[in-house]
Amino acid sequence: MVGKEIRRWICAALLYEGGPATVVRLAQLIPGHPEPHHVSQQIYELKKVGLVEKIGVGAGGKPTWRLQDRFVSTNEITEMIPQIERAAREKVALYSDRDAVRTEILECLREPAPPPGQKPVLSKQEILSRCRSAVSEHEVSQILAELVADGRLIAEGSGAKRRYWAAKNMQLSLCSLIQIPEVPIFQDEKTIRARFAEGKAARRRSAIGGAVTATFDRRGNCLELVINKEFLNGR
Numbered sequence: 001m002v003g004k005e006i007r008r009w010i011c012a013a014l015l016y017e018g019g020p021a022t023v024v025r026l027a028q029l030i031p032g033h034p035e036p037h038h039v040s041q042q043i044y045e046l047k048k049v050g051l052v053e054k055i056g057v058g059a060g061g062k063p064t065w066r067l068q069d070r071f072v073s074t075n076e077i078t079e080m081i082p083q084i085e086r087a088a089r090e091k092v093a094l095y096s097d098r099d100a101v102r103t104e105i106l107e108c109l110r111e112p113a114p115p116p117g118q119k120p121v122l123s124k125q126e127i128l129s130r131c132r133s134a135v136s137e138h139e140v141s142q143i144l145a146e147l148v149a150d151g152r153l154i155a156e157g158s159g160a161k162r163r164y165w166a167a168k169n170m171q172l173s174l175c176s177l178i179q180i181p182e183v184p185i186f187q188d189e190k191t192i193r194a195r196f197a198e199g200k201a202a203r204r205r206s207a208i209g210g211a212v213t214a215t216f217d218r219r220g221n222c223l224e225l226v227i228n229k230e231f232l233n234g235r
């Protein structure tokens, strides 16, 4: 459903309501039940041309909207009302279980196991198609952004070319590190440093009360691990 079509349905839904309605209510009334995010975008387009106005708040503190007096209905708008009446009787979920979607996103980027030296790389649309709990594409976009910010996923590109993949595990085992002979170890009076690779630091994470700090590049590769001797000695 394109923007112009959604705008017509918004006007018909507000006419059907006969009074103020929230974006969520309008999404429930429009056949096909577009995402509230898309309805919100189009209602602001209608506000720009003076066909609707915001007049207060409704359930959950969400803004309510109504038709302006200058709005003039058409036969096309009137003929939409019976479809809105049917849509109003449907039970529909407009929002996702975000925890379930988050789990499904991480799972689909781990499975199936990729060939050695490769990693699962997916677009947002591919991820969306694999998340059974996802209701809203906008919510999937928000959750992907959260996972990238948390360092759980790596993203590159923009728009339709943006791709996501799982970051490497950032919880490193000290026992595993000391068994890797090619990792150079540097030590001074205060710290022990394990240098894994050269690169530009993009993120640091600490553990054990600040005793251990790991530095990562933007792809999630660990560049360096620093152990603070003073913290370990109980200072």
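Counting from 1, one number per residue, gives the positions in the sequence shown under the UniProt record's numbering.
Don't be surprised by glycine CBs; every beta carbon is placed ideally from N, CA and C.
Where residue i sits in the DSSP three-state scheme
i      : result
Ser133 : coil
Ser40  : helix
Ile30  : coil
Ala145 : helix
Val212 : strand
Arg162 : coil
Pro20  : coil
Leu14  : helix
Glu230 : helix
Leu177 : Because Leu177 sits at a pLDDT of 49, beneath the cut-off of 50, its placement in the model cannot be relied upon, and the following sentence gives the value as read from the coordinates. Of the three classes helix, strand and coil, the one that applies to Leu177 here is helix, per DSSP.
Val52  : strand
Glu126 : helix
Arg152 : coil
Arg8   : helix
Integer Cβ distance of residue i from residue j, believed to fall under 8 Å
i      : j      : result
Val39  : Ile84  : In fact, because the Cβ distance is near 13 Å, the residues do not count as touching under 8 Å.
Val140 : Val101 : 6 Å
Arg195 : Glu224 : 5 Å
Asn228 : Lys190 : 7 Å
Test: residue i CB closer than 9 Å to a CB of chain B
i      : result
Lys161 : Looking at the structure shown, chain B is missing, and only one protein chain is on hand.
Sequence-distant residues of the same chain with beta carbon closer than 7 Å to residue i, five excluded per side
i      : result
Ser73  : Leu15
Pro34  : Met1, Ile6, Ala27
His133 : Residue identity check: residue 133 is Ser in the sequence provided, not His. Excluding positions up to five away in sequence, the list reads Ser96, Asp97, Ala100, Val101, Glu104.
6 Å CB neighbourhood of residue i in its chain, flanking five on each side removed
i     : result
Ala87 : Leu29, Pro31
Contacts around residue i, its chain only, beta-carbon distance under 8 Å, and the 5 residues preceding and following it disregarded
i      : result
Leu144 : Ile105, Lys124, Ile127, Leu153, Ala155, Tyr164
3 or more residues per run - each beta strand (DSSP E) lying fully within the region 54-115: Runs of the beta strand (DSSP E) inside the region 54-115: 63-67.
Counting Cβ pairs closer than 8 Å, one from the region 152-167 and one from the region 118-129, do we hit at least three? By the C-beta criterion, the region 152-167 is judged to be in contact with the region 118-129, since at least 3 inter-stretch pairs fall below 8 Å.
Could you tell me whether the region 78-93 touches the region 10-27, using the rule of 3 or more Cβ pairs below 8 Å? Cβ pair count under 8 Å is three or more, so yes.
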